[in-house]
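*Asks:*
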Amino acid sequence: MASSSSSLLLFLCGLSLAAAQLRVFNLRASGLPSDLLGTTDGYVTVFCASNSLGKTSVRNNNANPWWEEEFSYFKAQEGDVLRLEVHDRDVLFDDLIGVCQRQIKVGTNSHDCYLKKGGTLHYTYTLG
């Protein structure tokens, strides 16, 4: 009986290292910069570790966009890097406004990230 109890304890201890669901939501930006073509046509691409989780829709001519999309990743682990890239869609090629990245931790976390070319990205994620 002791060996089955030990096995159960080892299994339960290992759960904290197991993959969990990551959910990224409440993406919004403020003060995105204008370019030569006018106000930013912004969108965000989302990555966890080396995996692309997708991208938001484009919010045309909006310096303070809010995106309704949510992104999920079922193989996330605490310590993985969450990377969000804010882009301005243009005719020939899209401009990178800035990158936000951080190591994820368990729980619900909200962050503000200051973008290299101006503006702030606000986002929330849950890992658990």
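For reference, each letter of the sequence shown is one residue, going -20 to -1, 1 to 108 in mature numbering (1 follows the signal peptide of the UniProt record, and there is no 0). Cβ coordinates follow ideal geometry from the N, Cα and C atoms, glycine included.
#1: Quick one: what's R8 bridged to in DSSP?
#2: Comparing C-alpha positions only, which one of T36, Y53, K55, F54 sits nearest to W46?
#3: Please report the residue range of the beta strand (DSSP E) in which G22 lies.
#4: Identify the continuous beta strand (DSSP E) that holds Y88 and give its terminal residues.
#5: With 16 as the cutoff for other CB atoms within 10 Å, does V24 come out buried or exposed?
#6: Do G22 and L33 have their beta-carbon atoms positioned less than 8 angstroms apart in this structure?
#7: Let me check understanding here. Comparing Cα to Cα, which of A(-3), D15, V4 lies closest to T88?
#8: Identify whether N41 lies in helix, strand or coil by the three-state DSSP scheme.
*Replies:* Here's the rundown:
#1: Beta-bridge analysis with DSSP links R8 to W46, H102.
#2: Cα-wise, what sits closest to W46 is T36.
#3: Taken as a continuous stretch (DSSP letters only), the beta strand (DSSP E) holding G22 covers 22 to 28.
#4: The residue you asked about is not Tyr; residue 88 is Thr in the sequence shown. Its beta strand (DSSP E) spans residues 87 to 94.
#5: V24 should be labelled buried.
#6: Not a contact, by the Cβ cut-off of 8 angstroms.
#7: Ranking A(-3), D15, V4 by Cα distance to T88 puts V4 first.
#8: In the three-state reduction of the DSSP assignment, N41 falls in the coil class.
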